[in-house]
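Chemist: Let me give you the structure first, and then I'll get to my questions.
There are 2 protein chains.
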Amino acid sequence: MNIPLTPLRFLRHAARQFATRTAIVDRTYRSTYTQFADRAARLAGALLAHNVQPGDRVAFLSTNSHQLLEAYYGVLDAQAILLPLNIRLAPAELAYILTDSSASTLFVEPQFLPVVAAFLPQVPTLKRIHLIEGTPDTATYPWLSPETYETLIEKAEPHQTDIDTIDEDAVCEIFYTSGTSSRPKGVALTHRNVYLHAYNSAIGGSIQNGSVEMHSIPLFHANGWGIAHFLTVTGGKHVMLRAFDPTELFRLIEAERVQYFRGVPIMVTVLVNHPDRTKYDLSSLKSITIGGAAPSPTLIRQAEQAFSCEVYTGYGLTETSPTLCTSRNKNPDNIAGEERYIAQSLAGYPYPGTRLKIVDADDNFLPEDGVTFGELVTRSDGVMHGYWNQPEATAEAFRNGWFHTGDMATINPEGYVALVDRKKDIIISGGENISSLEVENTLLAHPAVLEAAVIPVPHERWGEVPKALIVLKPSHTLTAPELIAHARVHLAGYKCPAYVQFVEILPKTGTGKILKKDLRTQYGHPS
Amino acid sequence: MNIPLTPLRFLRHAARQFATRTAIVDRTYRSTYTQFADRAARLAGALLAHNVQPGDRVAFLSTNSHQLLEAYYGVLDAQAILLPLNIRLAPAELAYILTDSSASTLFVEPQFLPVVAAFLPQVPTLKRIHLIEGTPDTATYPWLSPETYETLIEKAEPHQTDIDTIDEDAVCEIFYTSGTSSRPKGVALTHRNVYLHAYNSAIGGSIQNGSVEMHSIPLFHANGWGIAHFLTVTGGKHVMLRAFDPTELFRLIEAERVQYFRGVPIMVTVLVNHPDRTKYDLSSLKSITIGGAAPSPTLIRQAEQAFSCEVYTGYGLTETSPTLCTSRNKNPDNIAGEERYIAQSLAGYPYPGTRLKIVDADDNFLPEDGVTFGELVTRSDGVMHGYWNQPEATAEAFRNGWFHTGDMATINPEGYVALVDRKKDIIISGGENISSLEVENTLLAHPAVLEAAVIPVPHERWGEVPKALIVLKPSHTLTAPELIAHARVHLAGYKCPAYVQFVEILPKTGTGKILKKDLRTQYGHPS
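Those sequence lines, one after another, are chains A and B.
Just so we're aligned, residue 1 is where the first sequence starts under this note's numbering, counting upward by one.
Just so we're aligned, residue 1 is where the second sequence starts under this note's numbering, counting upward by one.
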């Protein structure tokens, strides 16, 4: 018997088997699995009543609200495609994403209405914009639907699609990543991708039934959506953290007996050093997973000591649903002390359903000796269907049948992956990917700029920040603050260069490509 | 990215990620996952070298040997179909199964050679018979290959099929069940069935990485093969119990720190009451799962007290890979004392990936109120592809899109299934299914028998045993011992009637079907 693999089955199961359990805690809002499923079904009904067609893209501009979590299922039950948006993006970036995906419907939190107002003229495909909560101010925002998420589902007839009519290989979610190219790319995940990724993660993480997890990572982000699905099928409690606020995080752990949360290294560093930490009962914690960037063994040790729980990493990409690896200690009897912290600071070893290899530039497999490094490639059930409407970029990423992560790594004989270097051009700042190409293209748009190269420089708080190396056009003048002001018009703040250095030439390869490696060596420090 | 779902991936994963862990303990034999995978690959190489073709059936007549466990993967890696045989069957039954499946190759433990000698003349399709262990006595058994399992794999080149070439919907395992009809039926499971069943079971059972499980249920049996697969992918330790011997079971728990085992009620009853139990350190046990027949709440309580661990049921059928349900307490905060034991003695609530409903005779869904009962039907990823070469029986079992278990049950509002009655005609004796039709057909083959009906009667040790009600042909005489002797020629011992009662008439419906229900009421006790 073949039953289509779709995450819709997760909520169906939980609603029937864990009906009265608490499903979601979001500020003062609490729902059971019965209510969670009912609201998701009503969202589906409302979308259908508003003529959303199968395969339509339905976007959300939201923090970690219970409504966004409901949409993980409700949008799919309308046979539409969920498109969660990164709330940190600039209006021009959001306009690009909404146009590229030709989204028909947008749900938005009140705080982001000015952002919508800024990009709306450039997004003619948007048919309806609904407020997620609050009362629509249609005087200020005349394009806003008078119906909010809440009034929509209040009036709607619940709708659940017959699971058997679902094509498990159809796209159900799109997330945009900055990726390696200059424009965000839509990562298209199928029902089967999402389903099997959740299963691989649950088994790889030895997830217990009825766990309590805090969504400390945005639900619009790699990491967030993987957890949401396996937590639902195991009847766990979703504790929403709308923004990173250490005191609120501590309070929620104590109040909801949170067992698991996840963070980027800077978040965990802040929590370890926070004066309020010892004021709360955090004894319910079982583990903290660090992702987004490599933590130091020191941070692993400090966090384990501060929280009296296991601390390890998770590694993955938007394109892989995301999780591929965990550094959760797999041989607890054979490793202790500082060696254990070092092992737990690595990217880790693959989850079930996941194969990882390293390859050279010609896609030859390299030895897994812990020394040789190459590009990390993977084959896993969670690897995306492809980039939305980008068959060439997709083919490039999947060459030779393996998905190319762009990360340089070693693999040791025990199967542990250590990241050696990141994708050549990507800067990771506070857990966010920044495409240097995208920043360069923005800088190159300034009339005084001849050539631009953006490289990472170390930053105490954010890990890395972008630094721009600029060759001016002859007879032109420009100051660093002027160029940064130009960038801010087009890019999210975190993508704008923190430093600008004007240079005479940029070193290049024979075929004219800028030698970033050399630039990093020469200029890879705050100027 | 779609990667075929096949259990072969489980051993590939474990061999790479848990290479040095102990994989199998079988008497004095121990292997790591590296060795387990190497031997499985060598078995595949040996089969291919002996011209086994894709889709060929390779049978095993074996207790819980490490070789049978290796075959779970090695036979599949040769792209052949694994056919484990029930060692308790009579030669005529084995002959039927091997002929029905037209198996080409048989591996056999030395102790079963006389059985093979007895059925071999009736199985012309068998091309090769290899001893699993020991030295072939080709003088006594001239049809025995001089090459044993061990010499085969010693000489073989390891072979691993490219996972991408596997059709996940192809049949990879066949198990014969006595089912409801008079002849054993081959339950054909696909790679996808087996893969997803293992995943559903692992998540439903909250299986931890690196668990230690004793295979106390035969690996040729429903239950055994489900556990084998999820234990492999999570890098657990397989502890083989070749035959049910309480002292050996206790010894293995202590020696190998076994965390989980499974048994039918009679096994657990014996263990609870065994005088040697307290002589062993059984503190590693985390849970015992009881299946095959419904245990009493009293047994659950006694076993929890005797073993200081959780004791609950699992429910499933050969046709469902097998596990559908667990009675593992899902609301530990809301239930205690005798009520908890009652809940844990029920068939339980469905695993993820599994839906259960009850239907009336016209396949209308019935209310899940804990009172109304109907036939239990299911939709689950583990439900078989179909009965081997029996399209009509398959269509009948899958009518209306649901697999019909033949078990009568209630479902309560919390989702718990309680079995009310078994398939009308099935007798379950010591955890083995006995088809009353099959026994009746054997009895009807006796020249003196006119009509025969077989019903269950209660039995202290085996739960139930078959009782035969016989109408003799006019002017014929027959004694009970004579009839039982006749049955023993054709049937496994446990299927032979324990009691025979001669009657004048058998009550029938208008269409001539014997009214079993009435017979149970009138004669359902030892005569």
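Note that CB positions come from ideal geometry on N, CA and C, so glycine has one too.
Note that the structure is a prediction, hence the values are computed from the model and not measured.
#1: From this set, B:S101, B:H66, B:D26, which residue's C-alpha is nearest A80 (chain B)'s C-alpha?
#2: How big is the Cα-Cα spacing for R9 (chain A) and I163 (chain A)?
#3: Cβ atoms of L43 (chain B) and E70 (chain B): under 8 Å apart, would you say?
#4: Are there three or more Cβ pairs, one per stretch, closer than 8 Å when the stretch 128-138 of chain B is compared with the stretch 90-107 of chain B?
#5: Please classify T394 (chain B): does DSSP put it in a helix, a strand, or coil?
#6: For a contact meaning CB atoms closer than 7 Å, what does Y141 (chain B) contact in chain A?
#7: With DSSP as the reference, label E254 (chain A) as helix, strand or coil.
#8: At a cut of 8 Å, does the stretch 360-374 of chain A reach the stretch 152-161 of chain A through at least three beta carbon pairs?
#9: Express the C-alpha separation of P350 (chain A) and T180 (chain B) in angstroms, rounding to a whole number.
#10: State the CB to CB distance for the pair P7 (chain B) and A202 (chain B), rounded to an integer number of angstroms; the pair is presumed to be in contact (CB under 8 Å).
#11: Near K357 (chain B), what residues of its chain come up, given a Cβ to Cβ distance below 6 Å and the 5 sequence neighbours on each side ignored?
#12: Output needed for L519 (chain B): all residues of its chain with C-beta closer than 8 Å, excluding positions within five of it in sequence on either side, in chain order.
#13: Taking the alpha-carbon positions, what's the D167 (chain B) to S31 (chain B) distance?
#14: Judging by CA-CA distance, which residue of A:L491, A:A294, A:N334 is the nearest neighbour of L419 (chain A)?
#15: Check the Cβ-Cβ distances between G179 (chain B) and every residue of chain A, and say whether any is below 8 Å.
#16: Please state whether the Cβ-Cβ distance between H159 (chain B) and A78 (chain B) is less than 8 Å.
#17: DSSP beta-bridge partners for E147 (chain B)?
#18: Can you list the residues of chain A that R340 (chain B) reaches, using a CB-CB cut of under 9 Å?
#19: Can you check which of these residues, B:G430, B:A445, B:D276, is closest to P458 (chain B) by C-alpha distance?
#20: If we count the other Cβ atoms within 10 Å of its Cβ and call it buried at 16 or more, is K185 (chain B) buried or exposed?
#21: By the three-class DSSP mapping on this structure, what secondary structure does R262 (chain B) have?
#22: Measure the Cβ-Cβ separation of S435 (chain B) and I428 (chain B) and say whether it is below 8 Å.
#23: Does F403 (chain A) get closer than 8 Å to chain B when you measure Cβ to Cβ?
#24: Using a beta-carbon distance cut-off of less than 8 Å, what residues from the stretch 148-171 of chain A approach chain B?
#25: Report yes or no: do three or more beta-carbon pairs, one from the stretch 441-451 of chain A and one from the stretch 248-259 of chain A, lie closer than 8 Å?
#26: When you compare the CB of I3 (chain B) with every CB in chain A, is at least one pair closer than 8 Å?
#27: With DSSP as the reference, label T326 (chain A) as helix, strand or coil.
#28: Taking C-beta pairs closer than 7 Å, name the residues in chain B that Y260 (chain A) reaches, listed in chain order.
#29: What does the alpha-carbon distance come out to for the pair C496 (chain B) and I288 (chain A)?
#30: For E319 (chain A) versus E310 (chain A), is the C-beta spacing smaller than 8 Å?
#31: Once you ignore the five residues that flank G236 (chain A) on each side, which residues in its own chain have a CB closer than 7 Å to its CB?
#32: Using the rule of at least 16 other Cβ atoms within 10 Å of the residue's Cβ for burial, across every protein chain shown, is H476 (chain A) buried or exposed?
#33: So, helix, strand or coil for V371 (chain B), using DSSP?
#34: Just list the alpha helix (DSSP H) runs in the stretch 158-208 of chain B, keeping only unbroken ones of 4 residues or longer that don't cross its boundaries, in chain order.
#35: Does V383 (chain B) come within less than 8 Å of chain A when only Cβ atoms are used?
#36: Would you report the Cα separation of T20 (chain A) and V58 (chain A), rounded to the nearest angstrom?
Modeler: Quick answer:
#1: B:S101
#2: 8 Å
#3: yes
#4: yes
#5: helix
#6: The premise fails here: Y141 (chain B) is roughly 41 Å from chain A at the closest Cβ pair, so nothing lies under 7 Å.
#7: helix
#8: no
#9: Only weak support exists for where T180 (chain B) lies, its pLDDT of 42 falling under 50; the value from the coordinates is given anyway. If you take the alpha carbons of T180 (chain B) and P350 (chain A), they lie about 44 Å apart.
#10: Contact doesn't hold; Cβ gap of about 12 Å is too wide.
#11: F365, V377
#12: A453, I455, L469, L506, P507
#13: 30 Å
#14: A:A294
#15: Because G179 (chain B) sits at a pLDDT of 46, beneath the cut-off of 50, its placement in the model cannot be relied upon, and the following sentence gives the value as read from the coordinates. So no, G179 (chain B) is outside the interface.
#16: yes
#17: Its beta-bridge partners do not exist; DSSP assigns none.
#18: Per Cβ cutoff of 9 Å: no residues; R340 (chain B) is ~16 Å from chain A at best.
#19: B:G430
#20: buried
#21: strand
#22: no
#23: yes
#24: D164, D169
#25: no
#26: yes
#27: strand
#28: Simply none; closest approach about 14 Å.
#29: 59 Å
#30: no
#31: G210, S211, V212, E213
#32: exposed
#33: coil
#34: 191-204
#35: yes
#36: 29 Å
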